[in-house]
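Right, one structure below, let's go through it.
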Amino acid sequence: MLKSIAWIFRPYFCHSTRQLPRNFQKSMPRHSSTHCWRTHTCGELRRRHIGERVTLCGWAEFCRGKSFVILRDWQGQVQMFLTKGSAKDIPVESVIKVRGIVQSRPEKNINHALNAGDIEVHVDDIEVLNTCKSLPFSLQDFAKKGEETRMRYRYLDIRSQMMQNHLRTRSNLISSMREFLIHHHGFVEVETPTLFRPTPGGAKEFLVPSSVDNGLFYSLPQSPQQFKQLLMVGGIDRYFQVAKCYRDEGAKPDRQPEFTQLDIEMSFVSSNDVMRITESMIKKCWPKDLNDHEFPRITYQEAIEKYGTDKPDLRTKLSITNLSNLFDSKDTINCVVVPDSYHKYLSKHTADGMHSKLMHFNDECARNGIFFWENGNFEHISGDRIENYEVLSDVRIWKNSSVVWLSWGDYNQVKTTLYKAIPIVADTIESNGDSIRDEGYKFLWVYDFPLFEADGDKLSCVHHPFTAPHPDDTELIHTDPTKVRSLAYDLVLNGSEVGGGSIRIHDSSLQRHILSEHLDIETDDLEHLLYALDCGAPPHGGIALGLDRLLAMLCGTSTIRDVIAFPKSSAGRDLMCGAPCKPDRDIMDHFFKPKIR
Ligand code: ASP
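First residue of the sequence shown? That's -17 in the numbering used here, and the numbers climb one at a time after it.
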């Protein structure tokens, strides 16, 4: 008699649930048991298979007594009832192959929490393909072990349902993007070299010594930017690539030294064309319904003015209001207004808390005050008090608002401070269980970025040196370069930049002028590109989407490492295999010791 063994299905080092999410199930491949030993996956078995003889392969997740084994593969689990042999000697996580008949479970043994909780396989043939001889710890405790351990034993972490879901979501997304670009819009996938030469004026690059040309180095490309432009010169017309990019930028919490971009370039296009095709691709390929979704557009200037950042998170319903004209002061005076309905969550105590959180950022612009609109008057409750704050009472914008976070001083500093204040206000409100942020995905285009930014008396480019200036500002290039806008655009999702691109310079003399006159970049390193522009380069533009970040947001995880199979730690190390490492002495000598003859 089968006893109730529903309890066996305890969560196995899963970070959320053993069950695959519904939208994920829809996109699951139908034919994943072709050309292999099994007839079905464990997770696909259902009542409709009752009576069928099946062969399954997977991991023994749990064994109980002599007769019960929970068999697991990427798709799920199913219970085995051994009619012959014994489960007693099978260590967990051993790899087994079974043959048997799918049977229904007695009513009282059904586990409604599981997809296959109403069936089991009566096994008459079991083969242990590989005994699991060691595990660093019980896999049920895996999630508790922390990220470092997960990365050290990444192959075990990948067995978790969370990583399985993430990596399969990644594969599905990339495959639909390929389908969209190649089959619906005539793009050509072209691979470009990863052994390249240094690109001046960009991020720090990894160097690779050449053993053929002693003393010479390749560099790993920060992106295929030059190659994709050269493909346009070559008449490819519409290019894309799932490209590995490398930046030797050291430890950053949510950056990887190697990362993946969906890289796109198109000839004969405007910014609008690139933005529109990117929107259609995301709508079409996103596994969640985005049909009614808007992709609003705002200029860089508007973004800074209203949100204090070029990556606003439109889920938060708070923005910056300019009050400078109310006060007789040279300072920029801005505020964040909190709607009346949230007043109940804010008190002198919470205002002090919010204020001291902001002070942690150590901003230059520390003079901030929080004020309540109470009984027709403004009452100062925390932070510094601005002179003449009573004039605020004359303003009617607070009709339905009760709290104001005021900041004053230098324009950029005020914007930065209030940009940081917004999430502090939102978190304080939400810590009471109310919500001031919308759920879901809020995409946004930010465009008309400045072409240059000033660093002392030097200029650097805001996007990259191949970005075209805005045609209305070409005169300013000679007279007031920091005022020149560019034809660059960024795609922002929920406050993170997930893509960026631009229309490029296709005129070699303009490109040469910008490189040498404004950016102080040696054109010697770029003569191949400059020459190519002179050989009939079509007008062109493109974009690159950061696939790691896009996927992290899609999967709802806070770190891009959770959507990368073998990521580096935040210090840029591979904790599993120990990279980077010291090469053999001979290799070092070969590459780096000066040859004395
Ligand atoms: N190559 C650029 C980047 O990696 C993207 C682009 O301009 O298309 O940011």
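Yeah, the Cβ is synthetic: ideal placement off N, Cα and C, and Gly gets one too. Treat the numbers as computed from the prediction; the structure is a model and nothing was measured.
- According to the DSSP assignment, Tyr282 belongs to the alpha helix (DSSP H) that extends over Tyr282 to Tyr289.
- Placement of the Cβ of Ile286 at a distance of 7 Å or more from every heavy atom of the ligand ASP is found.
- Close CB contacts of Thr176 within its chain, under the 8 Å cut and outside five residues either way in sequence, are with Leu202, Pro203, Lys226 and Tyr228 (chain order).
- Under DSSP, the beta-bridge partners assigned to Met62 are Val51 and Val103.
- Relative to Cys18, the option among His446, Gly40 and Arg555 whose CA is nearest is Gly40.
- Cβ contact annotation for Asn112 (same chain, cutoff 6 Å, sequence separation greater than five): Val77, in chain order.
- One thing to note: Glu247 has its Cβ within 8 Å of the Cβ of His522.
- If you ignore the 5 residues before and after Glu499, its C-beta comes within less than 8 Å of no other C-beta in its own chain.
- In this model, Gly128 and Val385 are separated by some 40 Å (Cα to Cα).
- For Tyr393, same chain residues with a beta-carbon under 8 Å away, outside a window of 5 residues either side, are Thr314 in chain order.
- Per DSSP, reduced to three states, the secondary structure at Asn304 is strand.
- Relative to the ligand ASP, the nearest heavy atom lies less than 7 Å away from the CB of Gly524.
- Counting only runs of 4+ residues, the alpha helix (DSSP H) found wholly inside the region 367 to 412 occupies 393 to 412, in chain order.
- Boundaries for Tyr137: no beta strand (DSSP E) harbours it, while the alpha helix (DSSP H) harbouring it runs Arg136 to Asp139, taken from the DSSP string.
- Note that the C-beta distance between Ile503 and Pro463 is not below 8 Å.
- Counted as a single uninterrupted DSSP element, the stretch harbouring Asp571 is not any beta strand (DSSP E) but the alpha helix (DSSP H) occupying residues Arg567 to Phe574.
- Following the DSSP letters along the chain, one finds Arg220 inside the beta strand (DSSP E) bounded by residues Arg220 to Tyr228.
- Under the Cβ criterion (8 Å, minimum of three pairs), the region 466 to 482 counts as touching the region 426 to 446.
- Note: Cys537 is not bridge-paired with any residue in the DSSP secondary-structure output.
- Excluding five sequence positions before and after Leu532, the CB atoms of its chain that fall closer than 6 Å to its own CB belong to Val480, given in chain order.
- In this structure, the C-beta of Ser205 approaches the ligand ASP to less than 7 Å from one of its heavy atoms.
- Setting aside the 5 residues that flank it on each side, Ile218 is surrounded in the same chain by Val170, each with a C-beta closer than 6 Å to its C-beta; the list follows chain order.
- Contact check for Leu340 against Phe360 fails: the beta carbons are separated by 8 Å or more.
- The DSSP-derived three-state label of Val480 is strand.
- Here the C-alpha atom of Phe44 lies approximately 18 Å from the C-alpha atom of Arg87.
- The closest heavy atom of the ligand ASP lies less than 7 Å from the beta carbon of Ser484.
- Counted as a single uninterrupted DSSP element, the stretch harbouring Ile156 is not any beta strand (DSSP E) but the alpha helix (DSSP H) occupying residues Gln143 to Arg160.
- Within the region 231 to 285, complete alpha helix (DSSP H) segments of at least 4 residues are found at 253 to 267, given in chain order.
- Counting the other CB atoms within 10 Å of its CB gives Pro520 a total below 16, which places it among the exposed residues.
- For the pair Gly554 and Gly25, the Cα-to-Cα distance works out to about 36 Å.
- Short of 7 Å from the beta carbon of Arg29, and not among the five residues preceding or following it, lie these beta carbons of its own chain, in chain order: Ser86, Asp100 and Ile101.
- Rounded to whole angstroms, Asp230 and Met133 show a C-alpha spacing of 20 Å.
- Here Ala98 really is in contact with Leu27; their C-beta atoms are around 5 Å apart, less than 8 Å.
- Taken through DSSP and simplified to helix, strand or coil, Val74 comes out as coil.
- DSSP places Asp556 outside any beta strand (DSSP E), giving it a letter other than H or E.
- For the pair Val318 and Trp387, the CB atoms are nearer than the 8 Å cut-off.
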